[in-house]
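Some notes on the structure that comes next.
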Ligand code: TXA
Ligand code: MG
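In the numbering used here, the protein residues as written are 4 to 345.
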């Protein structure tokens with residue numbers, strides 16, 4: 004199959020282009036489009052056959068549930084079997100936006116979408132392209148990040164083509180995504196909401212919106228087998244693997260600049276200093292990202308860029324252990340192995 008790339012204005016997407024892509028979706032094809040977080044690979048969430056194509060194109064294991072994207076809150080609610088009060092509060096504050104709410108699912112969502120779970124992750128994305136596309140398609144879109152399974156998430160249309168050219172019908176190219184890392188996933192099914200995946204909306208903001216604390220990791224017995232959960236207080240989300248978002252180049256992490264000393268950094272290595280100003284090192288390339296928002300925005304493009312440099316190792320100096328860095332740290336832990344193990 005030939006993959007069409009169609010350019011669209013992110014602010015005012017051309018109606019005819021959106022209609023063309025919406026028609027492909029209604030016909031059961033796959034279309035990649037920009038949300039504010041990363042590019043998603045969309046399919047009609049109500050069609051089992053269309054959704055199966057997502058798993059095939061990505062090489063995604065079928066035990067990893069997909070997020071269902073709606074054009075607005077009213078549309079999202081139609082695909083919930085129940086709408087808990089916590090979901091209502093969080094949706095009022097956080098939608099449209101980088102927030103996914105896990106709630107009981109409606110029968111109209113086939114079980115292939117949710118990997119057999121009786122819950123569904125719902126999200127109303129923010130971009131004019133995503134919302135316009137969903138509204139025109141007239142159906143909710145199941146959309147994981149538009150990368151090959153376990154690879155780095157795409158924040159530019161060329162990233163999507165690098166992974167999926169020839170495997171999908173169309174990509175709408177509206178430029179770089181603004182947030183850069185995937186949505187915060189919150190489980191709203193229990194008595195106390197719980198973060199399943201840290202993201203752009205942090206725990207303190209969610210608690211402010213709820214007017215009550217979130218469930219901590221002590222409340223979740225299953226959390227300990229997830230690398231992220233172990234050090235970030237986040238419960239386990241099905242299908243989320245400790246190794247994820249990984250470059251092909253061996254990637255290792257250290258906690259501080261001082262720890263670089265033991266690694267004998269040389270001209271074949273790349274050093275990424277995240278949230279740290281570091282003295283010069285004699286590496287092939289050395290990149291510093293100091294601001295958490297900017298680091299999230301640039302993280303995946305930077306990892307893909309580093310992967311193209313044919314380096315021996317990518318060595319990441321991890322950001323400080325502060326709430327503002329929580330989501331970026333989570334993604335970096337999944338993209339790397341600790342230096343001691345590397
Ligand atoms: O920002 C995002 O969320 C992007 C854009 C495209 O919207 N999508 C995304 O999808 O990151 P994906 O498939 O790469 O990640 C979906 C995450 C997984 O961690 C999955 O386990 C969790 O959401 N998830 C989805 N449905 C769930 C459910 N019913 N229960 C628990 N976790 C769920
Ligand atoms: Mg993904």
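Heads up, the beta-carbon is just placed ideally off N, CA and C, and yes, glycines get one too.
The three-state secondary structure of residue 173, taken from DSSP, is strand.
Between residue 202 and residue 330 the beta-carbon gap is near 5 Å, inside 8 Å, which marks them as a contact. Our two residues, residue 27 and residue 70, have alpha carbons roughly 20 Å apart in a direct line. For the 9 Å CB-CB criterion, residue 37 and residue 213 do not form a contact.
Under DSSP, residue 281 forms no beta bridge with any residue. With contacts defined by Cβ atoms closer than 9 Å, residue 181 and residue 12 do not form a contacting pair. Sixteen is the threshold: when 16 or more other Cβ atoms of the shown chains lie within 10 Å of the Cβ of residue 158, as they do, the residue is buried. Excluding sequence positions up to five before and after residue 32, its CB lies within less than 6 Å of the CB of 172, all in the same chain and listed in chain order.
Under DSSP, residue 316 shares a beta bridge with 272. Residue 218 and residue 6 have their alpha carbons spaced roughly 43 Å apart. For residue 197, the enclosing beta strand (DSSP E) has its first and last residue at 197-200.
Short note on residue 108: C-beta closer than 8 Å to some heavy atom of the ligand TXA. CA-to-CA, the gap between residue 133 and residue 51 works out to about 21 Å. Separation of the CB atoms of residue 320 and residue 266 is rounded to 11 Å, and the pair is thereby denied contact status at 8 Å. A Cβ-Cβ distance of about 23 Å is found for the pair residue 327 and residue 254, leaving them out of contact under the 8 Å criterion. The shortest CA-to-CA distance from residue 139 to any of 41, 193, 18 and 271 is the one to 18. The beta-carbon separation of residue 45 and residue 144, rounded to 4 Å, stays under the 8 Å limit for a contact.
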